[in-house]
Amino acid sequence: MLFILISCLMVVANPVFAHQQKAAETTVLFNKRSGHLEVMHRFYLHDTEHAVQKLFDKHADIISSSKTQQQFADYVAKQFLARDLDDKALTLNNVGFEVEGKFFWVYQDAKLPIELKGIKLYNGSLRELWPTQINMVNIEGKGQVKTLYFSDSKDWLVTTF
């Protein structure tokens, strides 16, 4: 009887876990030891599965196609921009990407700027597809962690140190 009850609950609950989250998290780390600004983007794999089929090809497969994975990583790199407070672009290099469990990760980095009193960021990933998409960016390594939320029509957001 308990087995039947648990089985029924799993069937009912399973669709809840399959829905898109429409949220992504990025960490921008000022790593003094390495001398780099490290950027790590984390997307729910389920969201990326739907996104690549809309962005690139209805048969795109982010789970098993390295070509699709590279396309999505390139897309993310074009959608995430950084500038100093004088509006000078910080050039981010593409480091790599990976599928890890239920997440798709994209990695970028840049040489750590010497004098930086703040940073302007733009994170447009998936926002043109889904107006409800929220991209959260945590900025670490410059005192207290600061968090920026990119949603609705928010384009460039600024934080100071």
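According to mature numbering (1 follows the signal peptide of the UniProt record, and there is no 0), the stretch in the sequence shown is residues -18 to -1, 1 to 143, in order.
The beta-carbon is built from N, C-alpha and C at its ideal position, and this holds for glycine as well.
Every value quoted in this text rests on a predicted model; they were computed, and no experiment measured them.
If you follow the alpha helix (DSSP H) that residue i is part of, which residue opens it and which one closes it?
i, result
"residue 55", "48 to 61"
"residue 34", "27 to 37"
Near residue i, what residues of its chain come up, given a Cβ to Cβ distance below 8 Å and the 5 sequence neighbours on each side ignored?
i, result
"residue 142", "67, 99 and 100"
"residue 55", "76, 78, 79 and 88"
"residue 93", "17, 18 and 19"
Residues in its own chain within less than 7 Å of residue i by CB, not counting five upstream and five downstream?
i, result
"residue 128", "121 and 141"
Starting from residue i and walking both ways along the beta strand (DSSP E), at which residues does that stretch end?
i, result
"residue 78", "75 to 82"
"residue 98", "Note, residue 98: premise wrong, no beta strand (DSSP E); not H, not E."
"residue 11", "5 to 13"
"residue 139", "138 to 142"
"residue 91", "85 to 93"
"residue 108", "Note, residue 108: premise wrong, no beta strand (DSSP E); not H, not E."
Suppose contacts are defined by Cβ-Cβ distances below 8 Å. Is residue i in contact with residue j by that definition?
i, j, result
"residue 11", "residue 123", "yes"
"residue 50", "residue 86", "no"
"residue 133", "residue 116", "yes"
"residue 108", "residue 33", "yes"
Here's a check: name, in chain order, each residue in its chain whose Cβ is nearer than 6 Å to the Cβ of residue i, leaving out the five neighbours to either side.
i, result
"residue 84", "27"
"residue 102", "65, 138 and 140"
Mark residue i as exposed unless 16 or more other C-beta atoms lie within 10 angstroms of its C-beta, in which case mark it buried.
i, result
"residue 96", "exposed"
Compute every distance between the C-beta of residue i and the non-hydrogen atoms of the ligand GTP, then say whether any falls below 7 Å.
i, result
"residue 97", "You won't find the ligand GTP in this model; it holds no ligand whatsoever."
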